[in-house]
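Scroll down for the structure; my scribbles are underneath it.
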Amino acid sequence: MPLPIEDYAVIGDTATAALVGKDGSIDWLCVPRFDSGAIFAALHGTEQHGRWLLAPAGEVRAVRRRYRGDTMVLETEFDTDEGTVRVIDFMPPRGDAPDVVRIVEGVRGRVPMRMHLRLRFDYGRIVPWVYREEGDLVAVAGPDAVWLRTPVETRGEDFATTAEFSVGPGDRAPFVLTYRPSHLPPPEPLDAIVELGATEGYWQGWMSACTYEGEWREAVVRSLLTLKTLTYAPTGGIVAAATTSLPEALGGIRNWDYRFCWLRDATITLQSLLYSGFQAEAQAWRKWLLRAIAGDPAEMQIMYGVAGERRLTEYVADWLPGYDGLPVRIGNAAAEQFQLDVYGEVMDALHQGRRSALKAQDPAWGLQVQLMDFVAGHWRDPDEGIWEVRGDSLQFTHSKLMAWVAADRAVKGVEEFGLPGPVEQWKALREEIRADILTNAYDEKRQTFTQSYGSRELDAALLMVPLVGFLPADDPRVRGTVAAIENELLVDGFVLRYTQPPEPGVDGLPGGEGAFLACSFWLADNYALSGRDTEAREMFERLLALRNDVGLLSEEYDPKAGRLVGNFPQAFSHVPLIDTARNLSTARGPSQARSEEHHA
């Protein structure tokens, strides 16, 4: 059975990523891209669906894990009665093909080891043909081939490859697994030890550009490294997570495929990269954004594939049992939804990039003018909102808020940068949307903004009201909204996304999910903006304590079970961690700067 989500670590080559368990098993790896078919899918089933185990043969007394410094090179140490052994796992930066390198090192005593490799293509569905070629193990099925190279003697057993060996102090046993399209010649062999040094050097060199100097540097650095790991380097796209279908609540039915790029993540991702010194990555993400949304604004999607693909058809891999018994979804039908808020996210991302001196003389502004024509004609339309509800379309307050952001940033583009556009028309649109929100989204009796016009439900996305500059944090309507969210959505110290009745609610699904971690970071930001520094720090420290032993976060947290839930590792948890750390450790963090700018 798969491990608890928090018992996994991630390694990657900025094109795909693998999940490595505390037990020494790689249970998830899609090749050659994040959204390709998995060759190890035990995360959603059993070892029969593909995994790669490398661990002591006897009983393990203790396990310790860490990343080597500021890198994505993972070390796992196992203590046994016979001694201690270390397994080093990493993926070298992508060359011609994806490689997974595993090195077993003896530390103390002589430890018997076992290796169990079960390759299954297409998410555990296809058993490959396995043969040997000049001492290498080759597994082939259709378009896919995988090569295993190791000096350790292996044998076939029950449609898998196994080995038994032992290591003493100073011994090293390397294993290199390489994916290759089956019609191509064999991949060039790698020297595992050389690649280890090169991979450490790559990550250390990348992190040397980091300019973050505030508190909680360790957590921020690990989050930045995780964000880089979720980057698809060939295009600059950044996936929301490395996995699909991990449940948002144990025993619940909410689980989706997150191996795609969401436009909603654009602003906070761009800001996190820029504020931390990573101009090249921010520029690449911005270029991906422009390529993805190019075309008719009416056809802009909320998410795209890593290269900008638009067709993300959702189906269920019904041959897999699924994590916690849930269906395994490949693709994401939410890509076909209308979500008004993404227009504001895109306008804000491009505005923030322009203010940070990213290349401004390009087709971006012409595209933004077209986006504004669409917003002007459609901002009154109901939509599916930030949480991608699969119920009825509604007049979601957050969606209207982000339509206001779109108009506001369009006005700023003219006022700050002298760009051409109908600024008076945009100013009028901005005021019209503002009046509409204040009239229809605010409940005077309860003194709070509501999830949608005329509803009683609350929504943690309303915490964005001061963060995007719509109202100052000390406005009574903002304070009332924060108080309402504290009273109704703050559970066991963490924030739920929105009001969830037991019966199917606004999202068309039964109630029940974990606390969405980004929402709790937003509450900490609100505390900081309103001068509640002690509470902001307490919330932030509480969130940091949820990270697993190697500093990773999933999408949500189940306070009752004390477990991380949702897809993993989750960019939309690590990016707000970076921003909140800056908000709390500098006199004028990103939230304060944006709030001041738009109230000036």
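Residue numbers (the numbering used here): 20 to 619.
The beta-carbon is built from N, C-alpha and C at its ideal position, and this holds for glycine as well.
Given the structure is predicted, the values throughout are model-derived calculations rather than measurements.
Practice task
Measure the C-alpha to C-alpha separation of T263 and P204 and round it to an integer number of angstroms.
Solution key: Taking C-alpha positions only, T263 is separated from P204 by approximately 31 Å.
Problem - Coil, strand or helix - G31 by DSSP - result: Of the three classes helix, strand and coil, the one that applies to G31 here is strand, per DSSP.
Exercise for the section: Would you kindly report the start and end of the unbroken alpha helix (DSSP H) that includes A211? Expected result: Per DSSP, A211 is one residue of the alpha helix (DSSP H) stretching across A211 to M226.
Problem - Simplified DSSP assignment, three categories, for T10 - result: Residue 10 lies beyond the range of the chain shown here (20 to 619); nothing can be said about it.
Exercise for the section: Label A564 either buried or exposed according to how many other C-beta atoms from any shown protein chain fall within 10 Å of its C-beta, with 16 as the threshold for buried. Expected result: So A564 counts as exposed.
Practice task
State the Cα-Cα distance for the pair I287 and V594, rounded to the nearest angstrom.
Solution key: As the crow flies, the alpha-carbon of I287 is around 7 Å from that of V594.
Exercise for the section: Rounded to whole angstroms, what's the CA-CA distance from D411 to A303? Just pull it up for me. Expected result: Approximately 36 Å, taken between the alpha carbons.
Handout entry: Candidates N567, D598 and G533, of which the one nearest A580 by Cα
Key = It is G533 whose Cα lies nearest to the Cα of A580.
Practice task
Closer than 6 Å by C-beta to W384: which residues in its own chain qualify, once you throw out the five before and the five after it? Chain order, please.
Solution key: L438.
Handout entry: Host alpha helix (DSSP H) of W235 (start-end)
Key = In this chain, W235 is not harboured by any alpha helix (DSSP H), its DSSP state being neither H nor E.
Problem - Cβ-based burial, D568 [other Cβ within 10 Å; buried from 16] - result: Exposed, since its Cβ has fewer than 16 Cβ neighbours within 10 Å.
Practice task
Could you have a look at L563 and say whether DSSP puts it in helix, strand or coil?
Solution key: The answer is helix: DSSP assigns L563 an H, G or I state.
Practice task
Below 6 Å CB to CB, which residues in the same chain sit around W235 once its five sequence neighbours on both sides are set aside?
Solution key: So the qualifying residues of the chain are A600.
Exercise for the section: Identify the continuous alpha helix (DSSP H) that holds R498 and give its terminal residues. Expected result: Counting along the chain, the alpha helix (DSSP H) containing R498 begins and ends at P495 to E507.
Handout entry: Nonlocal neighbours in the same chain, by C-beta distance under 6 Å from P316, ignoring five residues either side
Key = Here the set comprises Q389, L390 and F393.
Practice task
Check whether the stretch 165 to 184 touches the stretch 128 to 143, taking contact to mean three or more Cβ pairs, one atom from each stretch, closer than 8 Å.
Solution key: Touching, per the Cβ criterion.
Exercise for the section: List the residues that DSSP assigns as beta-bridge partners of Y461. Expected result: According to DSSP, which records beta bridges pairwise, Y461 is partnered with F468.
Handout entry: Buried or exposed (CB count within 10 angstroms, at least 16 for buried), W148
Key = Note on W148: under 16 other CB atoms within 10 angstroms of its CB, so exposed under the neighbour-count rule.
Handout entry: Simplified DSSP assignment, three categories, for T65
Key = In this structure, T65 counts as coil in the three-state DSSP scheme.
Problem - Nearest to D343 (by Cα), restricted to the options L477, N545, G64 and S592 - result: The candidate whose alpha carbon is nearest that of D343 is G64.
Exercise for the section: Verify whether the separation of the beta carbon atoms of A61 and P112 is less than 8 Å. Expected result: Between A61 and P112, the C-beta gap is not smaller than 8 Å, which leaves the two residues out of contact.
Practice task
State the Cα-Cα distance for the pair S44 and H68, rounded to the nearest angstrom.
Solution key: Roughly 13 Å between the two C-alpha positions.
Practice task
Indicate whether I24 and R551 have their beta-carbon atoms separated by less than 8 Å.
Solution key: No. Outside cutoff.
Practice task
Measure from the alpha carbon of V584 to the alpha carbon of each residue in G271, G324, S471 and S474, then state which is nearest.
Solution key: Here the closest residue by C-alpha is G271.
Exercise for the section: Specify the secondary structure class of A422 as computed by DSSP and reduced to three states. Expected result: In this structure, A422 counts as helix in the three-state DSSP scheme.
Exercise for the section: Report the rounded CA-to-CA distance for T33 versus W406, giving the unit in angstroms. Expected result: Answer to the nearest angstrom: the Cα atoms are 27 Å apart.
Practice task
Confirm, please, whether the CB-CB distance from V335 to L215 is below 8 Å.
Solution key: Note that the C-beta distance between L215 and V335 is not below 8 Å.
Practice task
Identify which residue in T332, Q290 and D118 has its Cα closest to the Cα of S375.
Solution key: The option with the nearest alpha carbon to S375 is Q290.
Practice task
Mark R367 as exposed unless 16 or more other C-beta atoms lie within 10 angstroms of its C-beta, in which case mark it buried.
Solution key: Checking the sequence, you will find Asp at residue 367 rather than Arg. The residue in question, D367, is buried, as its Cβ has 16 or more Cβ neighbours within 10 Å.
Practice task
Tell me, please, whether the stretch 512 to 519 touches the stretch 533 to 548 by the rule of three or more beta-carbon pairs shorter than 8 Å.
Solution key: Yes, since at least three Cβ pairs between the stretch 512 to 519 and the stretch 533 to 548 fall closer than 8 Å, the two stretches touch.
Practice task
Return the chain-ordered ranges of every alpha helix (DSSP H) run that is complete within the stretch 117 to 197 and spans a minimum of 4 residues.
Solution key: Within the stretch 117 to 197, the complete alpha helix (DSSP H) runs of at least 4 residues are 140 to 143.
Handout entry: With 16 other Cβ atoms within 10 Å as the buried cut-off, status of Y150
Key = The C-beta of Y150 has fewer than 16 other C-beta atoms within 10 Å across all chains shown, which makes the residue exposed.
Problem - Rounded separation between T10 and R127 - CA only - result: Lying outside 20 to 619, the shown extent of the chain, residue 10 is not represented and no answer is given.
Practice task
Could you spell out the range, first to last residue, of the alpha helix (DSSP H) harbouring T288?
Solution key: Unbroken alpha helix (DSSP H) run through T288: A285 to Y294.
Practice task
Look at E101 and V79 and say whether their C-beta atoms are less than 8 Å apart.
Solution key: No, the Cβ-Cβ distance between E101 and V79 is not below 8 Å.
Handout entry: Secondary structure of G114, DSSP reduced to three states
Key = DSSP, read as helix, strand or coil, puts G114 in coil.
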